[in-house]
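Structure first, commentary second.
In UniProt numbering, the protein residues as written are 1 to 200.
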């Protein structure tokens, strides 16, 4: 954007040479005027080339981020489905004989699968650099909760994993241009409030 603004300013400055009242000066200093116009035209070409190159690079990074978000969603979905199956198995086999010890021991022996791939993504520069601030914050908080909850608090783990999947879906929509940053932030706040109500 700065390159385009600079280009517009340079073009406006060059227009001075074409003002009728400056025509006499331009004729008297034709060599200097031509040199200045040539230099400005070259500079404008370089600035436009840089702007186009930067735009192409940003678009490529955005497309790559969308691919990473798609992969992250697949991993989170798989982890959520497996965790729900483990939870359903536990509830069907432990109904009526549930004790705090047996529940802790069951999930210690059968920990819910933490999606390690998301940790790997969170350490990638491309992912962190292009992710919205709201999604980055929510993902970081949820991943910390999930690490602590997968063997001791399975309901919290499932709730956090479900929220992570929602964050990834909304971020992907934002990166594709389907929703604005404001809509993304609103959707995440509403979903977080909903999960907090369900947890109480």
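Cβ atoms here follow ideal geometry from the backbone N, Cα and C, with glycine treated the same way.
- The count of Cβ pairs closer than 8 Å, one atom from the segment 120-139 and one from the segment 57-72, reaches three, so the stretches are in contact.
- Rounded to the nearest angstrom, the gap between the Cα atoms of residue 136 and residue 88 is 31 Å.
- The Cβ neighbour count for residue 163, taken over all protein chains shown within 10 Å, is at least 16; the residue is labelled buried.
- The DSSP-derived three-state label of residue 20 is helix.
- Where residue 132 is concerned, there is no enclosing alpha helix (DSSP H), because DSSP gives it neither an H nor an E.
- Per DSSP, the continuous alpha helix (DSSP H) segment holding residue 154 begins and ends at 154-175.
- Residue 15 sits exposed, since fewer than 16 C-beta atoms from the chains shown fall within 10 Å of its C-beta.
- In this structure, the beta-carbon distance from residue 186 to residue 151 does not fall below 8 Å.
- For residue 118, the enclosing alpha helix (DSSP H) begins and ends at 116-122.
- DSSP, reduced to helix, strand and coil, places residue 5 within a helical segment of the structure shown.
- Between residue 103 and residue 165, the C-beta gap is not smaller than 8 Å, which leaves the two residues out of contact.
- As the crow flies, the alpha-carbon of residue 13 is around 13 Å from that of residue 22.
- Within the same chain, and ignoring the five residues on either side of residue 134 in sequence, the residues whose Cβ sits closer than 6 Å to its Cβ are 185, 188.
- With respect to residue 83, residue 158 sits close: the two C-beta atoms are nearer than 8 Å.
- Here residue 79 really is in contact with residue 115; their C-beta atoms are around 4 Å apart, less than 8 Å.
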